[in-house]
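Quick note: the sequence shown, position 102, residue 107 per my numbering, numbers continuous.
Working notes for the structure below.
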Amino acid sequence: MTPRITLVQGDITRLSADAIVNAANSSLLGGGGVDGAIHRRGGPEILAECRALRASHYGKGLPTGQAVATTAGKLDARWVIHTVGPVYSATEDRSALLASCYRESLRVADELGARTVAFPAISTGVYRWPLDDAARIAVEAVRATDTAVEEVTFVLFDDRAYRAFTARMT
Ligand code: ADP
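So, in structure tokens, the structure goes:
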């Protein structure tokens with residue numbers, strides 16, 4: 006099955022879903038953008054679990070395109086799925102890695118038994134991926150994934166991102 010896709014404009018830390026996806030960096034130790042917002046609102050429990058994951062499995066960092074879950078602290082979700090998007094490159098095609106973030110996050114969601122998953126627009130902030138292209142890759146990747154997840158919500162922080170994703174939904 007492929008999930009139903011819903012678009013919402015807003016702050017992903019305010020959303021309720023079984024799992025909320027974080028556009029993390031490979032250190033798993035927090036950062037700016039959506040990562041910072043998730044740790045701020047979710048509280049220290051998430052970071053503590055990230056540190057433990059680093060110590061047990063990801064001493065060299067979580068590789069780009071992969072995903073791993075923690076609990077969600079004070080967020081209105083059961084899990085946070087942390088995935089590392091690629092930094093945009095104008096000279097190298099990294100779109101398979103960006104698609105992998107969505108696919109791997111949904112695979113982890115399946116392992117957890119999550120039925121509703123919220124994604125931000127991975128790599129479109131500090132990692133500079135052009136919004137239109139990132140939206141195309143995100144929507145195609147979710148549509149191409151066979152998963153028991155029933156609903157994927159893309160939570161777009163601003164109007165520009167919301168419009169870019171809306172254009173890809175038709
Ligand atoms: P990356 O390093 O993957 O580019 P960023 O966090 O810098 O990650 O940005 C990813 C996207 O998340 C950007 O489109 C940014 O506008 C958006 N964003 C930032 N804060 C939030 C939030 N609280 N909820 C949803 N999206 C957010």
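For each residue, glycine too, the CB sits at the ideal point set by N, CA and C.
- For Phe170, DSSP records no beta bridge to any residue.
- Distances from the CB of Ala146 to the heavy atoms of the ligand ADP are all 7 Å or more.
- Pairing Asn30 with Gly70, the inter-Cα distance amounts to about 11 Å.
- Rounded to whole angstroms, the Cβ separation of Ala28 and Gly38 is 7 Å, and the two are in contact under 8 Å.
- Rounded to whole angstroms, the Cβ separation of Ala149 and Leu136 is 20 Å, and the two are not in contact under 8 Å.
- The stretch 49 to 60 makes contact with the stretch 77 to 87, as at least three CB pairs between them are under 8 Å.
- The residue from Phe170, Val131 and Gly64 with its alpha-carbon nearest to that of Val144 is Phe170.
- Sixteen is the threshold: when 16 or more other Cβ atoms of the shown chains lie within 10 Å of the Cβ of His44, as they do, the residue is buried.
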